[in-house]
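From first to last, the protein sequence lines stand for chains C and H. What the first sequence shows, in this note's numbering, is residues 350 to 616, in sequence order. What the second sequence shows, in this note's numbering, is residues 594 to 802, in sequence order. The beta-carbon is built from N, C-alpha and C at its ideal position, and this holds for glycine as well. Values in this document were obtained by computation on a predicted structure and should not be read as measured data. Presented below is the structure to which this report refers.
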Amino acid sequence: GPLAAVPRGPFGTDEALTPRQFVTGYNNFYEFGTDKADPAANAHTLRPRPWQVQIDGAVSRPLTVDIEELLQPKNLQERIYRLRCVEGWSMVIPWIGLPLADVLRRVEPLGSAKYVEFTTLHDPEQMPGQKRDVLPWPYVEGLRLDEAMHPLSFLAVGLYGDVLPNQNGAPLRLVVPWKYGFKSVKSIVRIRFAEQQPQTAWNVVAPQEYGFYANVNPQVDHPRWSQARERRLGEGLLASRRPTLPFNGYAEQVASLYAGMDLRRDF
Amino acid sequence: MRRGALQARLWAAGLWTLALTPALVLLARALGNRLGANPIEELTLELGQWALRFLLLTLAATPLRRLTGWTVLLRHRRLLGLTAASYALLHLLVYAVLDQGLLWSQIVGDILKRPFITVGMAAFVLLLPLAATSFDAAIRRLGARRWQALHRLVYVATGLALLHFWWKVKADTAEPTIYLTVFALLLVARFVAPGHRFRRRPPAGRQPA
Chain C
350 GPLAAVPRGP FGTDEALTPR QFVTGYNNFY EFGTDKADPA ANAHTLRPRP
400 WQVQIDGAVS RPLTVDIEEL LQPKNLQERI YRLRCVEGWS MVIPWIGLPL
450 ADVLRRVEPL GSAKYVEFTT LHDPEQMPGQ KRDVLPWPYV EGLRLDEAMH
500 PLSFLAVGLY GDVLPNQNGA PLRLVVPWKY GFKSVKSIVR IRFAEQQPQT
550 AWNVVAPQEY GFYANVNPQV DHPRWSQARE RRLGEGLLAS RRPTLPFNGY
600 AEQVASLYAG MDLRRDF
Chain H
594 MRRGALQARL WAAGLWTLAL TPALVLLARA LGNRLGANPI EELTLELGQW
644 ALRFLLLTLA ATPLRRLTGW TVLLRHRRLL GLTAASYALL HLLVYAVLDQ
694 GLLWSQIVGD ILKRPFITVG MAAFVLLLPL AATSFDAAIR RLGARRWQAL
744 HRLVYVATGL ALLHFWWKVK ADTAEPTIYL TVFALLLVAR FVAPGHRFRR
794 RPPAGRQPA
């Protein structure tokens, strides 16, 4: 693909990649329907060009970034990350993109900024799933500022050497590999620095099931299922579940962000 | 062969085909690696949904006869009910064997701690005495009245199975809503709608099957 020559970045894994047809054919992206196959079937109505991202809030230099600028190959790198869905399945995906902090630093956050809020496009014409009230639209997610600035936090514009397919959150999506997948908000149009903790979509819908932090944690079960083990997609009918790792295997990098916190309460 | 007898045979063949086709299609998809990215989830979901569909079809037998005089489902109600129970069993087996790898601590933990699984398991357990007493000798031994009272449990089992499905869904309740609506309509048609005849004993040779 056009982004195939992008150099590989840090934090890689030698685990087998999840086959591309599963990465692009099995998606939770309710803006295009609630079935896992819906986004691949319906996301052709999304127009990912031209596209701009507004970065504002508690910052000195608010900025509007054009997607063409973010797509410059010289700024990009490949990151092979595990993705763990809150539903108990996981993938290994070769993303292409840039560290989130690279973009965030450009707007010079104020000292009062404590959180970063991300908002998906809200346009029922392009995103027909938004015609139904399945979730509060637009989809909003958020990170604490130190989480957002962490070197693992990534803005993806591609995968498998190609520009990001619409169903994976084109043209620009967040990837936070130590958190459940729903934190990794897709088709971002706005990034806002905030003083208060953002009201995030799943946390608003079902706070007892989906916490703000949503760190992958085998010790803290979802009320309806265990999070102790996960199913790696693409391994077939007879493969057994594998143990889920604390922080999805990235504890060495991120556990210190939560020192002193009770992760059962702040799940 | 008389025309009526031929027709009856065709109906029986048709309903047997209906009962077996989903299982055969799923088997073919499994063998051909065509169950998608998450084959176990797909298999579990499909089997559970077919169990529910056949349960609702079973419950439609009496209202259908009462409203239209059509007795075909009633005559094959045993087949439909046993098909529902079989899909429920396969659903449970796929969960226990393929999904959980027969890890008993995990399975028992799920059943005890997670209401949506508790309720699904309860629905399945309630189907067991019905399947076990579905043959003619059991009807004779229990007597039609007691047999019928026992088999009213199918309404409880269906209600619990629907609750199980509803609870499982994350946010989009459109599909469980359809099933729930059909169930509600069937309940109304069976117990509330005018023309309901209470406890009329079925004529000889028309034993509930």
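Looking at H:Phe647, H:Pro656, H:Ala653, the one whose alpha-carbon comes closest to that of tyrosine 680 (chain H) is H:Phe647.
Rounded to the nearest whole angstrom, the CA to CA distance from valine 483 (chain C) to threonine 766 (chain H) is 9 Å. The stretch 493 to 504 of chain C and the stretch 440 to 456 of chain C touch, with three or more beta-carbon pairs separated by less than 8 Å.
Residues of chain C whose Cβ lies closer than 9 Å to the Cβ of tryptophan 609 (chain H) do not exist, since the nearest Cβ in that chain is about 27 Å away. A check of alpha carbon separations from valine 775 (chain H) across H:Asn626, H:Ala616, H:Leu657 identifies H:Leu657 as the nearest. Residue range 438 to 448 is occupied by the beta strand (DSSP E) that includes tryptophan 444 (chain C), with no alpha helix (DSSP H) assigned at that position. Your pair leucine 586 (chain C) and proline 632 (chain H) checks out as a contact, with CB atoms roughly 5 Å apart and the cut at 8 Å. Here arginine 595 (chain H) carries a coil assignment [DSSP, helix/strand/coil]. In this structure, alanine 654 (chain H) sits away from leucine 645 (chain H), with a CB-CB distance that is not shorter than 8 Å. Residue C:Arg396 holds the alpha-carbon nearest to the alpha-carbon of leucine 470 (chain C) among C:Gln548, C:Ala555, C:Ile429, C:Arg396.
Counting the other CB atoms within 10 Å of its CB gives lysine 480 (chain C) a total below 16, which places it among the exposed residues. Phenylalanine 542 (chain C) carries a strand assignment under DSSP once its states are collapsed to helix, strand and coil. By the neighbour-count criterion, in which 16 or more other beta carbons inside 10 Å mark a residue as buried, isoleucine 700 (chain H) falls on the buried side. Only those residues of the stretch 622 to 652 of chain H whose C-beta falls short of 8 Å from the nearest C-beta of chain C are listed: Ala623, Asn626, Leu628, Gly629, Ala630, Asn631, Pro632, Ile633, Glu634, Leu636. Contact annotation: arginine 590 (chain C) and proline 526 (chain C) have beta-carbon atoms that are not nearer than 8 Å. Looking at the backbone, the Cα of glycine 641 (chain H) and that of histidine 684 (chain H) are separated by about 5 Å. Across the stretch 750 to 762 of chain H, CB contacts with chain C closer than 9 Å involve Trp760, Lys761, Val762, in sequence order along the chain. In this structure, DSSP gives aspartate 387 (chain C) a helical state, which the three-state scheme calls helix. Counting along the chain, glutamine 403 (chain C) sits inside the beta strand (DSSP E) bounded by residues 401 to 406. Scanning chain H for C-beta atoms nearer than 9 Å to the C-beta of phenylalanine 371 (chain C) yields Gly629, Ala630, Asn631, reported in chain order. Between the stretch 568 to 588 of chain C and the stretch 540 to 547 of chain C, the count of Cβ pairs shorter than 8 Å is below three; the stretches do not touch. In this structure phenylalanine 371 (chain C) is not in contact with glutamine 516 (chain C), their Cβ atoms being roughly 12 Å apart against a cut-off of 8 Å. In the displayed model, histidine 393 (chain C) falls within a helix according to three-state DSSP. Under the three-state reduction of DSSP output, asparagine 564 (chain C) falls in the strand class.
Contact check for leucine 523 (chain C) against serine 533 (chain C) passes: the beta carbons are separated by less than 8 Å. Annotation for arginine 671 (chain H): the continuous alpha helix (DSSP H) segment containing it runs 670 to 686. Per the Cβ contact rule, the stretch 746 to 765 of chain H is in contact with the stretch 715 to 724 of chain H (3 or more Cβ pairs under 8 Å).
Annotation: the continuous alpha helix (DSSP H) that includes tyrosine 772 (chain H) extends over 767 to 780. Every unbroken stretch of the alpha helix (DSSP H) spanning 4 or more residues and falling wholly within the stretch 722 to 758 of chain H is given here in chain order: 729 to 735, 737 to 744.
Excluding sequence positions up to five before and after proline 458 (chain C), its CB lies within less than 6 Å of the CB of Val408, Phe542, all in the same chain and listed in chain order. A Cβ-Cβ separation of about 5 Å places glycine 361 (chain C) in contact with isoleucine 429 (chain C) under the 8 Å criterion. Annotation: glycine 662 (chain H) has no Cβ neighbours in chain C at a cutoff of 7 Å; minimum Cβ distance is about 39 Å. The Cβ of phenylalanine 709 (chain H) sits closer than 8 Å to at least one Cβ of chain C. Distance from the CA atom of valine 718 (chain H) to the CA atom of leucine 492 (chain C), rounded to whole angstroms, is 45 Å.
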